[in-house]
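Visitor:
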Amino acid sequence: MSEIIELEYDKKKGFFYIEIDGKVEAKMTFVFAGEQQIIIDHTEVNPSNKGKGFGKKMVEKAVEFTRERGIKIIPLCPFAKNVFDKTPEFTDVLQ
């Protein structure tokens, strides 16, 4: 079983996803809010993968993405907001 965390985006929106053996098992969507921030608006994990930490892994990838670009995150998705609330080391990227 090969787990891959990927990112696809354009100038307006994008998504992080986890692919296992060629199948998307989790997805977290975002939109750009200007040039300096993204809004995470939805996180979804295939029910058979609940509890495996896929959601948090995608939030971690989003944090890495924004740190590399010097931009911020607004976590409107309740799941993502919960991860940020429980992870103080991510506060540097919060808007």
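full-length UniProt numbering applies: residue 1 is where the sequence shown begins, and numbers increase by one. Where is the CB? At the ideal position from N, CA and C, for every residue including glycine. Since this is a predicted model, take the numbers as computed values, not measurements.
1. Rounded to whole angstroms, what is the Cα-Cα separation between Glu35 and Ile4?
2. Below 6 Å, is the gap between the Cβ of Phe79 and the nearest heavy atom of the ligand ZN?
3. DSSP on Lys11, reduced to helix/strand/coil?
4. With DSSP as the reference, please indicate the residues paired to Phe68 in a beta bridge.
5. Starting from Pro75, follow its DSSP beta bridges and name the residues at the other end.
6. According to DSSP, is Glu35 part of a helix, a strand, or is it coil?
7. Does DSSP put Thr91 in a helix, in a strand, or in coil?
Guide: From the atom records:
1. 27 Å
2. Among the components modelled here there is no ligand, and therefore nothing to report on the ligand ZN.
3. coil
4. For clarity, residue 68 is Glu in the given sequence; the question names Phe instead. Note: Glu68 sits in no beta bridge, so no partner.
5. Ile40
6. coil
7. helix
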